[in-house]
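**Student:** Here the protein sequences come in this chain order: A and B.
Be aware that the first sequence starts at 4, since it is given in our numbering, and climbs by one per residue.
Be aware that the second sequence starts at 422, since it is given in our numbering, and climbs by one per residue.
Following this message is one structure expressed as structure tokens.
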Amino acid sequence: MLCALLFKHSARLMYQYDAYDQKIVDQRVAQYRDQTQRYLAGELTEDEFRPFRLQNGLYIQRYAPMLRVAIPYGMLSSTQLRTLGHIARQYDRGYAHISTRQNIQYNWPQLEKVPDILAELAQVQMHSIQTSGNCIRNTTTDQFAGVVAGEIIDPRPTCELIRQWSTFHPEFAFLPRKFKIAVNAHPDVDRAATAVHDIGVYIVKNDAGEIGYKILVGGGLGRTPIIGSVIRDFLPQAELIAYLEAVLRVYNLYGRRDNKYKARIKILVKALTPEVFAQKVEAEFLHTNSEALRVPAQEFNRLASFFTEPAYATLNDNPDALTQKLNDNKAFALWFSHNTHAHKKLGYRIVTLSLKKTGVATGDITSEQMEAVANLAEKYSFGEVRTTHEQNIVLADVRQEQLFELWEQVSALGFATANIGFLTNIICCPGGDFCSLANAKSIPIAEQIQRRFDDLEEVYNIGELDINISGCMNACGHHHVGHIGILGVDKKGNEYYQVSLGGSSGHDASIGSILGPSFEAEEMANVVEEVLNTYLDNRQDNERFLETYRRIGIEKFKERVYA
Amino acid sequence: MPNIIKNGAIVADSYQVIVEAGSLPNNDIIVSLDIWLSQKEAVLAHAYKKGIMLKPDQHPEAIIESLNQLDIIALDFPAFADGRGYSYAVLLRQRYGFTGELRATGDIFKDNLFYLKRCGFDSFAVRADKDLQVALQGLTDFSESYQASIDESQPLYRRRLAS
Numbered sequence: 004m005l006c007a008l009l010f011k012h013s014a015r016l017m018y019q020y021d022a023y024d025q026k027i028v029d030q031r032v033a034q035y036r037d038q039t040q041r042y043l044a045g046e047l048t049e050d051e052f053r054p055f056r057l058q059n060g061l062y063i064q065r066y067a068p069m070l071r072v073a074i075p076y077g078m079l080s081s082t083q084l085r086t087l088g089h090i091a092r093q094y095d096r097g098y099a100h101i102s103t104r105q106n107i108q109y110n111w112p113q114l115e116k117v118p119d120i121l122a123e124l125a126q127v128q129m130h131s132i133q134t135s136g137n138c139i140r141n142t143t144t145d146q147f148a149g150v151v152a153g154e155i156i157d158p159r160p161t162c163e164l165i166r167q168w169s170t171f172h173p174e175f176a177f178l179p180r181k182f183k184i185a186v187n188a189h190p191d192v193d194r195a196a197t198a199v200h201d202i203g204v205y206i207v208k209n210d211a212g213e214i215g216y217k218i219l220v221g222g223g224l225g226r227t228p229i230i231g232s233v234i235r236d237f238l239p240q241a242e243l244i245a246y247l248e249a250v251l252r253v254y255n256l257y258g259r260r261d262n263k264y265k266a267r268i269k270i271l272v273k274a275l276t277p278e279v280f281a282q283k284v285e286a287e288f289l290h291t292n293s294e295a296l297r298v299p300a301q302e303f304n305r306l307a308s309f310f311t312e313p314a315y316a317t318l319n320d321n322p323d324a325l326t327q328k329l330n331d332n333k334a335f336a337l338w339f340s341h342n343t344h345a346h347k348k349l350g351y352r353i354v355t356l357s358l359k360k361t362g363v364a365t366g367d368i369t370s371e372q373m374e375a376v377a378n379l380a381e382k383y384s385f386g387e388v389r390t391t392h393e394q395n396i397v398l399a400d401v402r403q404e405q406l407f408e409l410w411e412q413v414s415a416l417g418f419a420t421a422n423i424g425f426l427t428n429i430i431c432c433p434g435g436d437f438c439s440l441a442n443a444k445s446i447p448i449a450e451q452i453q454r455r456f457d458d459l460e461e462v463y464n465i466g467e468l469d470i471n472i473s474g475c476m477n478a479c480g481h482h483h484v485g486h487i488g489i490l491g492v493d494k495k496g497n498e499y500y501q502v503s504l505g506g507s508s509g510h511d512a513s514i515g516s517i518l519g520p521s522f523e524a525e526e527m528a529n530v531v532e533e534v535l536n537t538y539l540d541n542r543q544d545n546e547r548f549l550e551t552y553r554r555i556g557i558e559k560f561k562e563r564v565y566a
Numbered sequence: 422m423p424n425i426i427k428n429g430a431i432v433a434d435s436y437q438v439i440v441e442a443g444s445l446p447n448n449d450i451i452v453s454l455d456i457w458l459s460q461k462e463a464v465l466a467h468a469y470k471k472g473i474m475l476k477p478d479q480h481p482e483a484i485i486e487s488l489n490q491l492d493i494i495a496l497d498f499p500a501f502a503d504g505r506g507y508s509y510a511v512l513l514r515q516r517y518g519f520t521g522e523l524r525a526t527g528d529i530f531k532d533n534l535f536y537l538k539r540c541g542f543d544s545f546a547v548r549a550d551k552d553l554q555v556a557l558q559g560l561t562d563f564s565e566s567y568q569a570s571i572d573e574s575q576p577l578y579r580r581r582l583a584s
């Protein structure tokens with residue numbers, strides 16, 4: 004009864020399945036169970052089974068399978084998080100990993116048990132549908148959606164609309180390559196790396212005050228990093244699905260299939276030019292933009308009804324209880340200023356739990372920690388949790404007067420490292436420790452850098468800085484868009500690391516430039532330190548690293564690092 | 422004659438696939454695009470049922486002017502993970518108005534049938550080494566879908582509002 008009440012309580016904050024959604028997910032579990040059984044019985048070959056297991060998020064990794072579970076646009080209830088913790092304990096080794104696309108990954112499940120895991124997920128309205136494979140992947144967005152000031156509108160109803168449209172789309176299940184969509188609704192900040200997605204959907208308002216979408220296509224990282232191009236400045240809200248159908252059909256028909264490294268939509272957009280690609284899409288859109296595909300306003304209202312405001316109390320900012328603790332406790336004050344963010348409601352704050360403690364693999368979280376966070380979310384944040392592109396966790400609705408007691412509990416969990424926005428908040432893929440694609444390990448490099456910069460005062464002096472690490476060209480750690488990017492490369496069987504500078508994943512997105520020849524693993528903390536010393540020596544006023552870099556260029560960094 | 426799945430049932434296949442130029446057999450035929458382009462008059466004059474098979478790199482635009490004279494179009498999937506045929510099927514049904522038999526051939530088995538059916542295929546030449554009875558069940562893997570497609574003109578976001 005209590006459980007049901009709690010679930011209902013969180014129901015107002017996120018999408019809830021109806022009978023249609025539940026049936027589709029349940030039938031998927033049955034389908035995948037049958038596929039697994041036929042594979043194990045030898046009726047499906049390895050090659051035949053592969054695309055189907057991938058479309059259920061199951062990779063075969065270096066040591067074991069890896070199962071990636073979808074967290075649609077990063078939204079989780081406490082109930083769901085508990086189930087994720089239970090799965091880690093029951094079917095894995097007691098921990099899981101949060102990915103840069105807001106999903107969660109298990110590194111050691113048994114292939115035979117995956118159908119059972121999916122059945123457990125389905126009971127809490129979760130799945131692993133299309134978290135891998137050459138299909139439309141999980142739609143991601145700003146982890147502060149709906150609680151931060153300055154959004155045009157909440158992006159989550161749009162994300163859910165896209166989630167449903169893309170789930171088992173019959174025409175687009177076997178695309179040339181994977182396909183990722185992100186939604187941004189904030190004109191000032193992009194926390195979802197939207198510009199480096201296959202499609203970036205920007206919620207905008209036109210001169211007439213109407214809400215619609217600006218559409219960007221052909222962004223992406225990997226071997227050929229490209230910032231996407233805008234192909235439509237304003238698309239009426241109702242026409243989003245018809246337009247996405249047009250983009251996907253053009254890609255499905257004309258994207259390259261002869262070379263998997265040239266198969267992403269970015270290559271097609273580049274080859275045709277964005278202008279010609281846009282013309283092809285518009286020509287297709289004339290056909291797809293039918294009455295049937297138009298999304299009725301009632302549907303947007305229905306979707307929006309799931310993301311209504313929780314029962315916020317009427318409060319004031321900076322209550323005495325908070326001010327006093329901020330004055331008394333320096334560690335708390337640092338955490339407050341770096342790991343919490345302004346909320347649109349007076350008296351509330353958005354809290355980021357840092358999964359970037361030195362000595363723990365980036366984004367990793369244990370079963371016990373998941374359960375503890377679920378409890379904290381229920382006690383302090385309406386039973387709702389979000390995962391972030393930077394591989395952290397957010398409690399979105401915390402009363403300022405409760406921040407101190409929350410901080411004490413978060414500290415005990417090891418999630419209070421006050422480094423959000425700073426250099427030790429490293430984005431890092433699982434790398435060669437787990438992944439069979441990796442050329443090099445990435446986790447030990449992150450740790451080496453975190454250990455070198457263990458003095459928070461120094462970290463704060465360096466200021467806002469994104470370090471992103473990928474173990475190979477596939478760029479799961481988004482190294483191209485890190486202010487400092489680190490890429491693992493293989494040189495004659497040895498692990499080396501290439502450094503790039505000046506990347507950004509925000510509205511000012513840019514691809515980093517390669518500094519020069521790659522380095523051995525043990526040099527990496529020294530290299531980062533020399534890069535940062537160059538910055539500190541050249542910094543003017545309160546310039547961020549990225550601004551200094553953009554002003555002075557790469558040569559000064561190169562001279563110093565290779566001196 | 423091998424069996425195929427057609428309109429949800431296992432039936433004998435009446436068609437013979439013709440990929441080499443020459444005289445046409447006294448039989449229902451499906452010809453390759455090459456044969457079609459070189460022997461169009463003979464194919465159209467053929468006294469039995471006839472149609473064309475397209476490969477993944479052969480867009481159906483190439484044959485739209487003759488669609489209403491064809492009984493069948495077969496879209497070949499040499500490898501099932503090449504999904505162009507799904508879009509061709511939708512175009513044939515929705516845009517070019519093809520109402521004849523639309524057949525999926527090649528690397529076709531249970532796990533593709535549901536999506537193929539949704540995109541407008543009504544017959545399936547299942548790969549010879551796969552069990553047809555098993556494959557048939559694939560047509561009903563799901564009883565609900567979110568999207569509009571050939572088998573369902575209204576997306577769920579409209580059907581929900583109507584219900």
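Built from N, CA and C at the ideal position, the CB exists for glycine as well.
The model shown is predicted, which means the values in this text are computed figures rather than measured ones.
Hey, could you find the ends of the alpha helix (DSSP H) Asp29(A) is sitting in?
**Tutor:** Counting from 1 along the first sequence, the entry for residue 29(A) is found at position 26. Its alpha helix (DSSP H) spans residues Ala22 to Leu43.
**Student:** Apart from the five residues just before and just after Pro75(A), which ones in its own chain have a Cβ nearer than 8 Å to its Cβ?
**Tutor:** Working through the first sequence from its first residue, we reach residue 75(A) at position 72. Within the same chain, Pro75(A) has close Cβ partners Tyr18, Asn141, Thr142, Cys162, Glu163 and Arg166.
**Student:** Taking the beta carbon of Asn187(A) as the centre, do at least 16 other beta carbons fall within 10 Å, making it buried, or is it exposed?
**Tutor:** Indexing the first sequence from 1 puts residue 187(A) at position 184. Result: buried.
**Student:** Output the distance between the C-alpha atoms of Glu567(A) and Leu504(A), rounded to the nearest integer angstrom.
**Tutor:** Only positions 4 to 566 of chain A appear in the structure, and residue 567(A) is not among them; the question remains open.
**Student:** How is Leu465(B) classed by DSSP in three states: helix, strand or coil?
**Tutor:** In the second sequence, the residue the question calls residue 465(B) occupies position 44. Residue state, collapsed to three classes: helix.
**Student:** Examine chain A for any beta-carbon lying closer than 8 Å to the beta-carbon of Gln575(B), and answer yes or no.
**Tutor:** Walking along the second sequence from the start, residue 575(B) turns up at place 154. Cβ-Cβ to chain A under 8 Å: yes for Gln575(B).
**Student:** Which residue's Cα is closest to the Cα of Ala345(A): Asn330(A), Lys360(A) and Asn321(A)?
**Tutor:** In the first sequence, counting from the first residue as 1, residue 345(A) sits at position 342. Here the closest residue by C-alpha is Asn321(A).
**Student:** Tell me which residues share the same chain as Pro160(A) and place their Cβ nearer than 7 Å to its Cβ, disregarding the 5 neighbours each side in the sequence.
**Tutor:** In the first sequence, residue 160(A) corresponds to position 157, counting from 1. The answer, listed in chain order, is Phe303, Leu306, Ala307 and Phe310.
**Student:** Could you check whether the Cβ of Ala569(B) sits closer than 8 Å to any Cβ belonging to chain A?
**Tutor:** Start at 1 with the first residue of the second sequence, and residue 569(B) comes out as number 148. Interface residue, yes.
**Student:** Against chain A, with Cβ distances strictly below 8 Å, would Ser544(B) count as a contact?
**Tutor:** The residue labelled residue 544(B) in the question sits at position 123 within the second sequence. Output row for Ser544(B): interface = no.
**Student:** Pro158(A) and Thr144(A) look like a contact to me (Cβ under 8 Å); what is the Cβ gap, rounded to whole Å?
**Tutor:** The residue you call residue 158(A) lines up with position 155 of the first sequence. The residue you call residue 144(A) lines up with position 141 of the first sequence. 5 Å between Cβ atoms; contact.
**Student:** Closer than 7 Å by beta-carbon distance: list the chain B residues that pair up with Arg260(A), in chain order.
**Tutor:** Your numbering for residue 260(A) matches position 257 in the first sequence. Residues of chain B passing the Cβ test: Asp503.
**Student:** So, is the C-beta of Asn141(A) closer than 8 Å to a C-beta in chain B?
**Tutor:** Taking the first sequence and counting its residues from 1, one reaches residue 141(A) at position 138. Closer than 8 Å: no.
**Student:** Since Leu582(B) meets chain A, which of its residues come closer than 9 Å, beta carbon to beta carbon?
**Tutor:** By 1-based counting over the second sequence, the position of residue 582(B) is 161. Near Leu582(B) (Cβ distances below 9 Å), the residues of chain A are Pro299, Gln301, Glu302 and Arg305.
**Student:** Going along the chain, which residues of the stretch 111-143 of chain A sit with their C-beta nearer than 8 Å to a C-beta in chain B?
**Tutor:** Asn137
**Student:** Just how far apart, CA to CA, sit Val432(B) and Leu513(B)?
**Tutor:** As a first step, residue 432(B) must be located in the second sequence, where it is residue number 11. As a first step, residue 513(B) must be located in the second sequence, where it is residue number 92. Val432(B) and Leu513(B): Cα-Cα distance of roughly 24 Å.
**Student:** What number of angstroms, rounded off, separates the C-alpha of Ser566(B) from the C-alpha of Asn536(A)?
**Tutor:** Residue numbering aside, residue 566(B) sits at position 145 when the second sequence is read from its first letter. Residue numbering aside, residue 536(A) sits at position 533 when the first sequence is read from its first letter. Answer to the nearest angstrom: the Cα atoms are 56 Å apart.
**Student:** Out of curiosity, what's the CA-to-CA distance linking Ala449(A) and Gly491(A)?
**Tutor:** By one-based count along the first sequence, residue 449(A) stands at place 446. By one-based count along the first sequence, residue 491(A) stands at place 488. A direct Cα-Cα distance of roughly 12 Å separates Ala449(A) from Gly491(A).
**Student:** Between Cys6(A) and the rest of its own chain, which residues show a CB-CB distance below 6 Å, the 5 nearest in sequence each way excluded?
**Tutor:** On the first sequence, residue 6(A) is found 3 positions in, with the first residue counted as 1. Confidence at Cys6(A) is low in this model, with a pLDDT of 43, below 50, so the placement of that residue should be treated as unreliable; the coordinate-derived value is given next. Result list for Cys6(A): empty, nothing under 6 Å.
**Student:** Would you decide whether Asp21(A) is buried or exposed? Buried here means 16 or more other CB atoms lie within 10 Å of its CB.
**Tutor:** If you number the first sequence from 1, residue 21(A) lands on position 18. Answer is exposed; the Cβ neighbour count stays below 16.
**Student:** Report the partner residues of Asp367(A) according to the DSSP bridge assignment.
**Tutor:** Taking the first residue of the first sequence as position 1, residue 367(A) is located at position 364. For Asp367(A), which the question treats as bridged, DSSP gives the partners His100(A).
**Student:** Between which two residues does the alpha helix (DSSP H) holding Thr86(A) run?
**Tutor:** Position 83 of the first sequence, counted from the start, is the residue given in the question as residue 86(A). Unbroken alpha helix (DSSP H) run through Thr86(A): Ser81 to Tyr94.
**Student:** Quick check: the Cα distance between Leu114(A) and Arg194(A), rounded to an integer number of angstroms?
**Tutor:** Position 111 of the first sequence, counted from the start, is the residue given in the question as residue 114(A). Position 191 of the first sequence, counted from the start, is the residue given in the question as residue 194(A). Rounded to the nearest angstrom, the two C-alpha atoms are 34 Å apart.
**Student:** Do three or more CB pairs link the stretch 66-85 of chain A to the stretch 348-366 of chain A at distances below 8 Å?
**Tutor:** no
**Student:** For Arg104(A) and Pro179(A), which I take to be in contact (beta-carbon distance under 8 Å), what is that distance rounded to the nearest angstrom?
**Tutor:** Within the first sequence, residue 104(A) is the residue found at index 101, counting from 1. Within the first sequence, residue 179(A) is the residue found at index 176, counting from 1. In fact, because the Cβ distance is near 19 Å, the residues do not count as touching under 8 Å.
**Student:** In its own chain, which residues sit with a C-beta less than 8 Å from the C-beta of Ser516(A), not counting the 5 before and 5 after it?
**Tutor:** What you label residue 516(A) is simply residue 513 of the first sequence in a count that begins at 1. For Ser516(A), where only same-chain residues beyond five positions count, the Cβ hits under 8 Å are Ser503, Leu504, Gly505 and Ile557.
**Student:** Suppose contacts are defined by Cβ-Cβ distances below 8 Å. Is Leu47(A) in contact with Gln58(A) by that definition?
**Tutor:** Counting from 1 along the first sequence, the entry for residue 47(A) is found at position 44. Counting from 1 along the first sequence, the entry for residue 58(A) is found at position 55. Going by C-beta atoms, Leu47(A) is not nearer than 8 Å to Gln58(A).
**Student:** Less than 8 Å between CB atoms is the rule here; does Phe519(B) satisfy it with respect to chain A?
**Tutor:** As a first step, residue 519(B) must be located in the second sequence, where it is residue number 98. Cβ-Cβ to chain A under 8 Å: no for Phe519(B).
**Student:** Look up Met373(A) in the DSSP assignment and say whether it is helix, strand or coil.
**Tutor:** Sequence index remark: in the first sequence, residue 373(A) carries index 370 (1-based). Correct three-state label for Met373(A): helix.
**Student:** At 3 residues or longer, what runs of the beta strand (DSSP E) sit wholly inside the stretch 155-218 of chain A?
**Tutor:** 184-187 and 202-208
**Student:** Per DSSP, what kind of secondary structure is Cys6(A) in: helix, strand or coil?
**Tutor:** For the purposes of this step, residue 6(A) is identified with residue 3 of the first sequence, where counting begins at 1. Low confidence applies to Cys6(A): its pLDDT is 43, below 50, so where it sits in the model is not reliable, and the reading given next is rough at best. Of the three classes helix, strand and coil, the one that applies to Cys6(A) here is helix, per DSSP.
**Student:** Per DSSP, what kind of secondary structure is Asp572(B) in: helix, strand or coil?
**Tutor:** Within the second sequence, numbered from 1, the residue matching residue 572(B) stands at position 151. Reduced to three states, the DSSP call for Asp572(B) is coil.
**Student:** Compute the beta-carbon to beta-carbon distance between Asn137(A) and Ala502(B), rounded to the nearest angstrom, for a pair I have assumed lies under 8 Å.
**Tutor:** Working through the first sequence from its first residue, we reach residue 137(A) at position 134. Working through the second sequence from its first residue, we reach residue 502(B) at position 81. Going by Cβ atoms, the distance from Asn137(A) to Ala502(B) rounds to 7 Å, so yes, they are a contact pair.
**Student:** What does Glu174(A) reach in chain B if we use C-beta pairs closer than 9 Å?
**Tutor:** Along the first sequence, one-based indexing puts residue 174(A) at 171. Going along chain B in sequence order, the residues near Glu174(A) (Cβ under 9 Å) are Gly504, Tyr507, Ser508, Ala510, Val511, Tyr536, Arg539, Cys540, Gln568 and Ser570.
**Student:** What does Arg252(A) touch in chain B if you count any residue whose Cβ is under 9 Å from its own?
**Tutor:** Mapped onto the first sequence, residue 252(A) falls at position 249. Those are Ser508, Val511 and Leu512, listed as they occur along chain B.
**Student:** Taking only beta-carbon atoms, is Phe171(A) less than 8 Å away from chain B?
**Tutor:** Locating residue 171(A) in the first sequence gives position 168, where the first residue counts as 1. At a cut-off of 8 Å between C-beta atoms, Phe171(A) counts as an interface residue with respect to chain B.
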